[in-house]
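Enquirer:
In the working numbering, the protein residues as written are 66 to 185.
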C-alpha cells in the first residue's frame with residue numbers, strides 16, 4: 066500500500082465519512098476558499114491509481130468510492146511507522162509511548178487485560 070500525502074489523507078477521510086461521491090460533491094465539503102475542481106479531480110485520480118479509490122461511470126462523469134477501509138489504512142500505516150521508526154518492534158513503540166507519558170501504566174494494564182480477555 067502506497068503512502069499518502071496529507072491532502073490525500075484528508076480526501077480519503079471524506080470518502081470514509083461520507084461514502085461514494087462525485088468530485089463536485091467532494092468540492093462542496095470544503096469551506097471557502099475551496100480548492101479548484103481540477104485540482105481535486107487530479108488528486109482523486111491519483112488516489113485511484115494508488116489503489117485507494119475506484120469509480121463507477123455515470124455517463125461522462127465518475128462517482129468514486131473507497132476500496133481501502135479506514136481501519137485497513139490505520140493498521141498498515143501503524144505497521145509502517147513501527148517498521149520505520151522502531152525496527153519492527155511493537156514493544157519498542159509501546160515503551161516509547163510509556164516513556165513519553167502518552168500512555169499511563171494504568172492504561173497499559175487495562176490494555177493488557179483487554180488483550181488477555183480477547184476484547185480487542
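Think of the CB as a built atom: it goes at the ideal place given N, C-alpha and C, for glycine as much as any other residue.
DSSP state of residue 70, grouped into three classes?
Expert: Your numbering for residue 70 matches position 5 in the chain shown. Three-state result, residue 70: coil.
Enquirer: Determine the direct distance from the alpha carbon of residue 181 to that of residue 175, and round the result to whole angstroms.
Expert: Indexing the chain shown from 1 puts residue 175 at position 110. Indexing the chain shown from 1 puts residue 181 at position 116. So the two alpha carbons sit approximately 10 Å from each other.
Enquirer: On the three-state DSSP scale, how would you describe residue 95?
Expert: Reading the chain shown from its first residue, position 30 is the one you call residue 95. Correct three-state label for residue 95: coil.
Enquirer: State the Cα-Cα distance for the pair residue 77 and residue 145, rounded to the nearest angstrom.
Expert: For the purposes of this step, residue 77 is taken as residue 12 along the chain shown, with counting starting at 1. For the purposes of this step, residue 145 is taken as residue 80 along the chain shown, with counting starting at 1. Near 18 Å, if we compare the C-alpha coordinates of residue 145 and residue 77.
Enquirer: Which residues does DSSP list as the beta-bridge partners of residue 106?
Expert: Here residue 106 corresponds to residue number 41 of the chain shown, with the count starting at 1. Answer is none; residue 106 lacks a bridge partner.
Enquirer: Please state whether the Cβ-Cβ distance between residue 73 and residue 112 is less than 8 Å.
Expert: In the chain shown, residue 73 corresponds to position 8, counting from 1. In the chain shown, residue 112 corresponds to position 47, counting from 1. Yes, the pair counts as a contact, with Cβ atoms nearer than the cut-off.
Enquirer: Determine the contact status of residue 101 and residue 118, defining contact as a CB-CB distance below 8 Å.
Expert: Residue numbering aside, residue 101 sits at position 36 when the chain shown is read from its first letter. Residue numbering aside, residue 118 sits at position 53 when the chain shown is read from its first letter. No; because the gap between Cβ atoms is not below 8 Å, this pair is not in contact.
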